[in-house]
Amino acid sequence: MKQTIISRFLAVALMMTTGNLAANAGWTDNLSPYDLNAPLGWATVDGNVTGGEGGTKVTVTNKTELMNALKGTDKKIIYVDGEIEFSGLTNVKSVQNKTIIGMKGAAFVNSKHSASVSETGIMQLSSCKNIILRNIIFKSAGAYDIDGNDNLTIIGSTYIWVDHCDFQDGVDGNFDCVNGSDNICVTWCRFRYLIAPWAGGSGGSNDHRNCDLWGNSDKRSGDEGHLRTTFANCWWDEGCSERMPRVRFGQVHIQNCLYSSSNAHYCIGYGYKSNIYVENNAFTSNATKKTPWKNYATSSGKKDYNITTVGNLNAKDFQSRSGSADYFIPSDHYTLKAYDSKLVEEVVTNEENGAGATLDITSTANGIDNISATNSELPIDITYYNIDGTKLNAPQPGINIAKMLYADGRVASRKVKK
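Numbering of the sequence shown is given in our numbering, commencing with residue 2 and proceeding in unit increments.
If you want it as C-alpha cells, here you go:
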C-alpha cells in the first residue's frame, strides 16, 4: 500500500515539476535536497533569468559550433558534449536568451602557458542578458601575474546565472565580474588551483592565485548600484589564496559557502563602497579561520564600506561600516533561507551532488534525457523534507524535497509539489 501511495504521488509531482526545468536545463537524477535548481537571490529581483527556455535545442562539440549557436537574441539551449579547446579569451558579445549546459565531463579548456596576454583566458560575456551557464569545467594553464585574462569574465551584462561550474587554474583569475554587470547569481560552483603558480610574470607576484574580483577599480563610479550578486553553496577549495570574492561597489550576498583552502591569505575582501552580507558560511582550514575577511577600503578618500557577518562557522558575527550607506540586508530585497553552517562542508563537498560540475546530464538526439517516473524506476522508499531540510512525516502543501531510495541502492532527490 505504501508503495502505491508513493508511486502515485511521485508520478504526479514529477509531471508538475520537471517539465519547465528539464526543458531549460535538464532535470537531473542526483540533486542535493538543498539545491533549488533555479536562479535565486539578485537574479530574481526586478526580472528573472530564463536563458533559452522554450527555444531551439542544439548540441555542440567544438568552438565553431558553440560560437555559431551563441549568435543573436533568439532562445536557444546549447548542450556541450566533450572538451572544447580555446586559444585565448573569446568575447561573447550582445548575446541574449541562451542556456549553455555541459553534459558529463564537458569542459572549456585553454591549457597553453604563455606570457602573451592574448593567449590567456577562456570566455568573456560582454553586454549580454539572460544567460544561464551550467555544469561546465573551466581549465586554464595556471596562475601567472601578467595582467592576463580570466577563465570567465562578465562585463556589462545582466541577469546571469552560473551554476554547478568548476573553475580551475585561471591565469589572472578564475571568474571576475566588472563594468556595471548586475543581477548575477552564482550557485554550486567550485574554485580551485591544481597547477602550481607560475613565477616571474610581468606583474611581479610569484603567486597570483587570486580567484574572483567583483569590481576592478575604485575609480569606476558607474559600478555603484550595480554588481549586485548572490553566491550560494559555492566552494573555494585548495589553492585559492585571495579574492573569494574581493568586492567593490556591489551589494553581495554570500550564503552557505565553504572556504577550505590551506593557503588562503584572506577569503572575502571588502573594498570601496562594497556592501556585503556574509551568512552561514563555513571556514574550515586554519588559513581561512585566521583571516575570513579583510578590509581593502583603505585608499585616501576611498574608505567607505559596509559588511555584515552572521551565523558563520569558525568566524565571529559582526557589523562594520565606514561611511553613511545603509547596511545591505538581503531579506529587504528577496527571500532566500540559509541552512545551518555546520552542514555546509558535508553538503557542498558531496561528490555526487555538491559544488562543481556534478550534474549528471546525458544526451539524446534532441538534447537531454528527461527523467520520468516509469514503473521500473519507482523508488522502494521515500522520505520528505521541507525546503529548509527539516524531515517531514508526510508531504505538506507546497514545495517538498523527496529523497528516494531505489532497489539498486541509488538515492535521488527531487523538488515536488503537493
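Just so it is clear, CB atoms sit at the ideal spot from N, CA and C, and this is done for glycine as well.
Find the nearest neighbour of V118 within the set G149, K105 and V93, judged by alpha-carbon distance. V118 has its Cα closest to that of G149, out of G149, K105 and V93.
For a cutoff of 8 angstroms on Cβ pairs, would you count N282 as touching chain D? Protein chains in the displayed structure number just one, and chain D is not present.
Between which two residues does the beta strand (DSSP E) harbouring E347 extend? From DSSP, E347 is part of no beta strand (DSSP E) but of the alpha helix (DSSP H) over V345 to V349.
Report the rounded CA-to-CA distance for E243 versus Y328, giving the unit in angstroms. About 24 angstroms.
Count the CB pairs spanning the stretch 224-241 and the stretch 249-260 that are closer than 8 angstroms, and state whether there are at least three. Contact holds: three or more Cβ-Cβ distances are below 8 angstroms.
For the stretch 174-194 against the stretch 382-389, do three or more pairs of beta-carbon atoms, one drawn from each stretch, fall closer than 8 angstroms, so that the two count as touching? Below 8 angstroms, too few C-beta pairs join the stretch 174-194 and the stretch 382-389 to call them touching: fewer than three.
Please work out which residues of its chain come closer than 7 angstroms, Cβ to Cβ, to Y271, disregarding the five sequence neighbours upstream and downstream, and give them in chain order. These residues qualify, in order along the chain: V248, I277, W294, N296, Y297, A298, Y306 and I308.
Nearest candidate by alpha-carbon position, reference V345, set N234, T159, K58 and N211: Put simply, of N234, T159, K58 and N211 the residue whose alpha carbon is nearest the alpha carbon of V345 is N234.
Where N92 and Q397 are concerned, what is the direct C-alpha to C-alpha distance, given to the nearest angstrom? If you take the alpha carbons of N92 and Q397, they lie about 47 angstroms apart.
For K303, I'd like the list of residues in its chain whose CB is within less than 7 angstroms of its CB, leaving aside the five on either flank, ordered along the chain. Sequence-distant Cβ neighbours of K303 in its own chain, meaning closer than 7 angstroms and more than five residues away, are D219 and Y273.
Start and end residues, alpha helix (DSSP H) containing A288: That run of the alpha helix (DSSP H) goes N287 to K291.
Determine, using beta-carbon pairs with one atom in the stretch 280-288 and one in the stretch 313-320, whether at least three such pairs fall under 8 angstroms. Counting Cβ pairs under 8 angstroms, three or more are found: they touch.
Let me confirm a value: K77 is counted as buried when at least 16 other C-beta atoms fall within 10 Å, else exposed. Which label applies? Answer is buried; the Cβ neighbour count reaches 16.
Which residue comes first and which comes last in the beta strand (DSSP E) that contains M405? Its beta strand (DSSP E) spans residues I400 to L406.
Closest to G157 by CA distance: which of C178, T336, H266 and C166 is it? The shortest C-alpha separation from G157 is found at C178.
Please list the terminal residues of the continuous beta strand (DSSP E) segment that includes K94. Counting along the chain, the beta strand (DSSP E) containing K94 begins and ends at T91 to K94.
Which same chain residues end up closer than 6 angstroms to K392 when comparing Cβ atoms and leaving out the 5 residues on each side of it in sequence? Once the five neighbours on either side are set aside, the close Cβ partners of K392 are Y386.
Around the C-beta of F10, are 16 or more other C-beta atoms found within 10 angstroms, so that it is buried, or is it exposed? Here F10 scores only 39 on pLDDT, less than 50, and its place in the model should not be relied on; the value that follows carries that caveat. Result: buried.
For A356, count neighbouring Cβ atoms within 10 angstroms of its own Cβ and tell me buried if that reaches 16, exposed if not. Flag for A356 reads buried.
With a Cβ-Cβ cutoff of 8 angstroms, do I137 and K99 count as a contact? It is not a contact, given that the beta carbons lie outside the stated cut-off.
Nearest-angstrom Cα distance between G56 and Y80? In a straight line, the C-alpha of G56 is about 13 angstroms away from that of Y80.
For N63 and T74, the rounded distance between their alpha carbons: The alpha-carbon of T74 is positioned some 21 angstroms away from that of N63.
K130 in three-state terms, based on DSSP: Correct three-state label for K130: strand.
Under the rule that 16 or more other beta-carbon atoms within 10 Å means buried, what is F284, buried or exposed? Here F284 is buried. Its C-beta has 16 or more other C-beta atoms within 10 Å.
Just to confirm the assignment, what range does the beta strand (DSSP E) spanning N69 have? Element bounds for N69: not the beta strand (DSSP E) but the alpha helix (DSSP H), K64 to L71.
Check the DSSP bridge columns for L314 and list the partner residues they point to. Under the DSSP definition of a beta bridge, L314 partners with A283.
Give every residue of the same chain whose Cβ lies closer than 7 angstroms to the Cβ of A70, excluding the five residues on either side of it in the sequence, and list them in chain order. For A70, where only same-chain residues beyond five positions count, the Cβ hits under 7 angstroms are V59, V61, K77 and I79.
What is the rounded straight-line gap between the Cα of H334 and the Cα of V163? Those two C-alpha atoms are separated by around 20 angstroms.
With DSSP as the reference, identify every bridge partner of F139, one or two as the case may be. F109 and F168.
Let me know the secondary structure DSSP gives T74 once reduced to three states. Here T74 sits in coil by DSSP.
DSSP three-state label for G42, please. Correct three-state label for G42: helix.
Range covered by the beta strand (DSSP E) that runs through F192: If you look at F192, you'll find it in the beta strand (DSSP E) that goes R191 to R193.
Suppose the cutoff is 6 angstroms on Cβ atoms and the five residues either side in sequence are ignored; what does the same chain contact list for C129 look like? Shown here for C129: same chain residues with a beta carbon closer than 6 angstroms to its own, the five before and five after excluded, namely V96 and S158 in chain order.
L153, buried or exposed, once every other Cβ within 10 Å from all chains shown has been counted against 16: L153 comes out buried.
For a test of the three-state rule: what should DSSP assign to D327, helix, strand or coil? Assignment of D327 by DSSP, reduced to helix, strand and coil, places it in the coil class.
Rounded to whole angstroms, what's the CA-CA distance from V13 to Q169? Just pull it up for me. Low local confidence applies: a pLDDT of 34 at V13 is under 50, so the model's placement there is unreliable, and no value is given.
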